[in-house]
Every structure is written in structure tokens, then in C-alpha cells.
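Visitor: Chains as they are written, first to last, in this note's numbering: chain W, 2 to 230; chain B, 2 to 237; chain E, 32 to 84.
(1) Per DSSP, what are the beta-bridge partners of residue 140 (chain B) in this structure?
(2) Quick one, which of B:26, B:73, B:179 has its alpha-carbon nearest residue 95 (chain B)'s?
(3) Give the DSSP-derived three-state secondary structure of residue 3 (chain B) in the structure shown.
(4) Does the beta carbon of residue 84 (chain E) come closer than 9 Å to any beta carbon on chain W?
(5) Given this structure, state the Cα-to-Cα distance separating residue 97 (chain W) from residue 56 (chain W), to the nearest angstrom.
(6) Which of the residues in the stretch 156-171 of chain B, read from start to end, lie with their CB under 9 Å from any CB of chain W?
(7) What is the DSSP secondary structure of residue 109 (chain W), counted as helix, strand or coil?
(8) Using a Cβ cut-off of 8 Å, pull out every chain W residue sitting near residue 61 (chain E), in sequence order please.
(9) Can you pull the chain B residues whose beta carbon is under 7 Å from the beta carbon of residue 128 (chain W), in chain order?
(10) Could you name the residues of the same chain whose beta carbon sits closer than 7 Å to that of residue 44 (chain W), not counting the 5 residues immediately before and after it, in chain order?
(11) Hey, is the stretch 130-146 of chain B in contact with the stretch 98-111 of chain B, meaning 3+ C-beta pairs nearer than 8 Å?
(12) DSSP three-state label for residue 87 (chain W), please.
(13) Would residue 84 (chain W) and residue 201 (chain W) be called neighbours here (beta carbons separated by less than 9 Å)?
(14) Is it right to say residue 198 (chain B) is buried, meaning 16 or more other beta carbons lie within 10 angstroms of its own, or is it exposed?
(15) Per DSSP, which residues does residue 39 (chain W) bridge with? Please list them.
(16) Thinking residue 80 (chain B) and residue 40 (chain B) are a contact (beta carbons under 8 Å), I'd like their distance in whole angstroms, please.
(17) Is there contact here, the stretch 182-202 of chain B with the stretch 132-148 of chain W, by at least three beta-carbon pairs under 8 Å?
(18) Runs of 4 residues minimum, wholly inside the stretch 71-99 of chain B: which ones carry the alpha helix (DSSP H) assignment?
(19) Just checking my contact of residue 66 (chain B) with residue 137 (chain B) at CB under 8 Å: how many whole Å lie between their CB atoms?
(20) Examine chain W for any beta-carbon lying closer than 9 Å to the beta-carbon of residue 219 (chain B), and answer yes or no.
(21) Report yes or no: is there a C-beta of chain W within less than 9 Å of the C-beta of residue 74 (chain E)?
(22) What is the rounded straight-line gap between the Cα of residue 160 (chain B) and the Cα of residue 235 (chain B)?
(23) If you draw a straight line from the C-alpha of residue 129 (chain W) to the C-alpha of residue 145 (chain W), how long is it?
(24) With a threshold of 9 Å between beta-carbons, can residue 101 (chain W) be considered close to chain B, or not?
(25) Which word fits residue 229 (chain W), buried or exposed, when buried means at least 16 other C-beta atoms lie within 10 angstroms of its C-beta?
(26) Could you check the C-alpha separation between residue 84 (chain E) and residue 71 (chain B) for me, to the nearest Å?
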């Protein structure tokens with residue numbers, strides 16, 4: 002029988018939303034304001050964490066599941082790839098919306114054609130193209146194969162774009178937390194940053210699971226309708 | 002015609018088969034010539050339209066020309082790529098191709114080879130047109146420019162041929178091919194435009210070298226990846 | 032000196048919350064539509080009603 006669950010009653014998603022709310026309270030009210038950048042520095046707690054998850058979790062998951070799909074031909078992998086793409090698009094959209102707000106006050110410009118910005122923008126375009134491609138193919142097996150091919154080819158493309166723009170020029174600050182030496186941030190900020198990362202990671206997992214269930218339900222319904230006319 | 006494409010006694014190797022597929026496509030193209038002429042006229046029109054969107058007192062011709070050349074090349078190339086697998090749709094001609102005793106990779110390489118001839122033909126006319134229309138002093142650099150053009154064309158065709166095979170089997174094929182391809186053309190356009198800008202400005206060739214390396218790496222990575230991925234775009 | 036740019040921060044936090052909440056709403060609506068389709072498939076008894084009312 003087809004199992005149906007509503008994201009509205011999903012306990013994991015509820016916990017994730019509460020965690021994000023707690024991070025918001027901590028970041029906005031209980032984390033010191035950075036002296037040189039001012040309050041806008043706190044945008045990083047949302048922006049950088051979402052960016053990390055979009056690029057290194059969602060996008061990598063999309064590429065890996067695409068590759069495994071072509072090998073194993075398991076529909077579950079296709080559904081994970083589809084879900085990772087869509088949830089990744091939401092995270093990338095947040096990155097592209099919050100980034101310019103930080104850039105406007107710190108750099109004095111909403112947008113610059115810096116390596117990271119350009120690569121993120123094209124990541125967004127690629128995921129949109131991926132989802133459009135899925136929407137444009139009727140037959141399920143073909144849809145999975147085509148989108149897997151795109152999901153795999155996108156993986157080497159993003160580093161290429163990053164590299165070519167890097168050669169062109171770059172402005173973006175280097176990652177502060179993940180560099181080899183000790184993070185150059187006061188410990189209160191580090192705690193907020195790590196808490197924020199965990200909360201957004203939890204949100205990603207919860208959204209991915211909710212989206213995956215919708216894909217399963219949709220495919221099961223399609224099978225059902227096919228079988229019973 | 003019939004005997005020229007008569008099947009040999011044993012199935013051809015991958016490269017020989019690719020050559021047969023490419024020859025078939027080029028023969029069709031040579032008979033009609035419509036797609037090539039249309040893409041060519043489109044490229045030349047693009048070059049002239051850019052000219053009128055240009056304030057020659059503010060931007061030097063040598064600064065503008067590389068961008069014009071590679072943007073136009075990309076769009077004209079898309080016109081050719083659209084037709085690459087579109088021509089197989091009529092009468093399900095692709096079934097004949099799939100039924101042939103050749104490797105699937107050979108179909109891809111053959112199609113890509115035909116497309117390479119197509120876009121190279123466009124470049125052979127468009128580059129002199131840009132040099133003429135924008136009054137560029139181009140002498141010895143023309144050989145280096147031809148090398149850049151060749152590398153850029155290989156990268157464009159490698160990715161574009163694969164996406165053309167996918168896009169024809171979707172709704173909204175004409176829109177989807179540019180949507181899929183253009184992000185992949187970004188490193189090509191950037192590297193080709195930057196390296197040819199160095200050459201057109203009379204800078205030493207060594208300054209263009211980092212960009213050429215990117216083009217070269219791009220070609221190696223994407224020709225390999227697309228050749229391996231192509232069989233998955235065909236119906237079993 | 033510390034610049035006064037709290038407005039940018041508030042806008043960024045609000046927009047991020049709006050985008051994530053909007054997506055959750057989209058997921059809830061989609062799941063509901065699918066469950067309704069499922070219910071329509073499973074509940075109608077065997078009596079044939081060609082108009083499907």
C-alpha cells in the first residue's frame with residue numbers, strides 16, 4: 002500500500018525548524034557584533050552555512066547519486082538526486098539573496114564577478130536547467146538517465162568556472178573557519194557558526210527526506226494509475 | 002551514393018565507424034547547405050549588430066572584438082548543434098543508426114566530428130569578418146588565434162553534441178539546448194575571449210598561455226566525460 | 032569604527048526565513064495534493080460511475 006506522510010506532521014522537520022529558530026535567536030541577540038563589519042557580519046551565519054551545504058552536500062549528493070544511478074539503475078537514487086537538486090536550489094537561492102546584502106554594505110556593491118559568486122550563480126543556473134530537463138521528459142527511465150548525465154557533467158563544470166574566474170579576478174574572503182590554522186574568530190562567534198551549520202544541515206536532511214517522500218508518492222501513484230487504468 | 006555507404010564485410014572499428022557517421026551527416030549538410038548558410042548569415046548579422054551597440058569612442062575595437070567573436074560563435078554553434086540530432090528525428094532515422102553494427106561511442110564521435118566541421122566552417126568566415134569589420138591589425142597572431150579557435154570549437158562541440166542528443170527527445174527542445182549548453186560554454190568563452198584579447202592587443206603569447214591551458218584541460222575532461230556519458234542518452 | 036548596517040542583516044535573515052518557509056509550504060501543498068489523489072484512487076467503491084463525480 003502507498004504510505005503517505007505530510008511534511009506538516011514530520012517530527013524531523015519540526016525539530017529542524019526549532020533549531021533554526023534557536024540559531025536565529027542566538028545569532029541576533031546573544032552573539033557579539035563584529036567591530037569592523039558591524040551587524041552585517043552576522044549575515045555569514047546564514048549565508049556561509051547555506052552555501053557550504055548547497056555546494057558540498059546538495060551538489061555533491063546530486064553528482065554522486067547521478068553516477069550511481071547510471072551504474073545501478075535504482076529508481077531510489079534518481080529520487081535522491083532529484084530531491085537533492087531541488088532542496089539544493091532553495092539553499093543556493095538563499096545564498097544568492099543574502100550574499101548581495103552583505104556585499105552591498107561591506108564591498109559597496111550588490112554583485113561582483115568574483116570566482117565564488119560566479120560559480121554559485123552558475124550552480125544555480127545548472128540546477129534550474131536540471132529541474133527543467135526533468136520536467137521536459139515524459140518517460141521515467143529516460144528522464145532519470147538524461148538528468149543523471151547532466152548531474153554528472155555539472156560536477157567538473159563548477160570547478161572549471163571557479164578556476165577561470167579566479168584567473169580573471171577574485172575578491173571573496175577566504176573561508177575563515179575551515180582554514181588549516183586555528184579559526185580567527187572569537188569563540189562566541191565560532192559557537193554560533195557551528196550551531197548554525199548543524200541547524201541548517203538538519204534542515205537540509207529534513208527537507209530532503211520530505212521531498213524524497215513526495216517523489217516516492219508521485220511515482221507510486223503513477224504506477225498505480227498505470228496499473229488500474 | 003548507395004555503394005559509397007555499402008557495409009563493409011566486417012563491422013568497422015570505432016574510429017572508422019565514427020568517420021562513416023560524420024561523412025553521412027556532412028553529405029546531408031552539403032546537399033542542403035541550408036543550416037550552414039543560415040548559421041553563417043546569423044553569425045555575420047550578429048557581428049554587425051554588435052557594431053551598432055558599440056560606442057567606439059569609449060571602448061577600443063581590440064577590447065570589444067574578442068567578446069563579440071566568441072559570443073557570436075557560441076550562438077551560431079548552437080544553431081548547428083540543434084540540427085545535429087534533429088535531423089535524425091524524421092522517419093525515426095536514428096533507429097537505423099542504432100541498428101548499425103557500430104559502437105555507441107562511434108555515433109557520438111561521428112556526430113561530434115560533423116559538428117566540428119560545421120562550427121569550424123563558421124569560424125573560418127567569422128574570424129576574418131570580425132578582423133575586417135573592427136579594423137584589427139592582425140598579422141602573425143592569426144596562427145595562434147586559429148589554435149585557440151580549434152580548442153574552443155572542440156570543447157563546444159563535445160558538450161553540445163551530447164546535449165543535442167538529449168534535447169531533441171524532450172518537449173521544448175529549442176529552448177532546452179541553450180539552457181543546458183550555455184553554462185558549459187562559460188569557461189570556453191572566457192578562456193577563448195581572454196586569450197584572443199591578449200593576442201589582438203599585441204601582448205606576448207606567454208600571457209595567453211594560462212587561458213590556453215584551461216581550454217586544453219576543458220577539452221580533455223569533457224571530450225572524455227561526454228563520450229562515456231553518450232551511450233546513456235540512447236534508448237536501450 | 033563600527034558601521035551601522037543592522038538593516039541589511041535584518042533583511043537577510045528575514046529573506047532567508049521567508050525562502051525556507053515558502054519551500055516548506057510548497058512541500059506541504061504538494062504532499063496534500065498527492066494524498067488527495069491517492070484518496071480518490073483508493074476510496075471509490077467498485078460501483079462504476081463513468082462521470083467520476
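We put the CB at the ideal spot given by N, CA and C, even for glycine.
Since we're looking at a predicted model, the values are computed, not measured.
Guide: From the atom records:
(1) None; residue 140 (chain B) has no bridge partner.
(2) Looking only at B:26, B:73, B:179, the smallest Cα-Cα distance to residue 95 (chain B) is reached by B:26.
(3) Legend: pLDDT at residue 3 (chain B) = 47, less than 50; position of this residue unreliable, value from coordinates given subsequently. Residue 3 (chain B) falls in the coil class under three-state DSSP.
(4) Model confidence at residue 84 (chain E) stands at a pLDDT of 45, short of 50, so the residue's coordinates are unreliable; what they give is reported in the following sentence. With 9 Å as the cut-off, residue 84 (chain E) does not count as an interface residue toward chain W.
(5) About 12 Å.
(6) Cβ contacts with chain W: 160, 163, 164, 167, 168, 170, 171.
(7) Under the three-state reduction of DSSP, residue 109 (chain W) is assigned to coil, being neither helix nor strand.
(8) The contact set of residue 61 (chain E) on chain W, defined by CB atoms closer than 8 Å, consists of 215 in chain order.
(9) Within chain B, no residue comes near residue 128 (chain W); the closest Cβ sits about 10 Å away, beyond 7 Å.
(10) Counting only residues of its own chain and dropping the five nearest sequence neighbours on each side, residue 44 (chain W) has a CB closer than 7 Å to the CB of 99, 102, 103.
(11) At 8 Å Cβ cutoff, the stretches do not touch.
(12) Residue 87 (chain W) sits in a helix when the DSSP states are folded into three classes.
(13) In this structure, residue 201 (chain W) does not lie closer than 9 Å to residue 84 (chain W) by Cβ.
(14) Per the 10 Å Cβ criterion, buried.
(15) BP columns for residue 39 (chain W) point to W:35.
(16) With a Cβ gap of about 4 Å, residue 80 (chain B) and residue 40 (chain B) count as contacting.
(17) Counting C-beta pairs with one atom in each stretch, the stretch 182-202 of chain B and the stretch 132-148 of chain W have fewer than three that are closer than 8 Å, which means they do not touch.
(18) The stretch 71-99 of chain B contains no whole alpha helix (DSSP H) run of 4 or more residues.
(19) Their Cβ separation, rounded to whole angstroms, is 6 Å, which keeps residue 66 (chain B) and residue 137 (chain B) in contact under 8 Å.
(20) Yes, its Cβ sits closer than 9 Å to a Cβ of chain W.
(21) Not one chain W Cβ lies under 9 Å of residue 74 (chain E).
(22) A straight-line Cα-Cα distance of about 16 Å links residue 160 (chain B) and residue 235 (chain B).
(23) Spanning the two alpha carbons is a distance of roughly 16 Å.
(24) With 9 Å as the cut-off, residue 101 (chain W) does not count as an interface residue toward chain B.
(25) Looking at its Cβ environment, which holds fewer than 16 other Cβ atoms inside 10 Å, residue 229 (chain W) is exposed.
(26) With a pLDDT of 45 at residue 84 (chain E), under the threshold of 50, the modelled position of that residue is not reliable, and the figure given next carries that caveat. When rounded, the distance between both Cα atoms is 59 Å.
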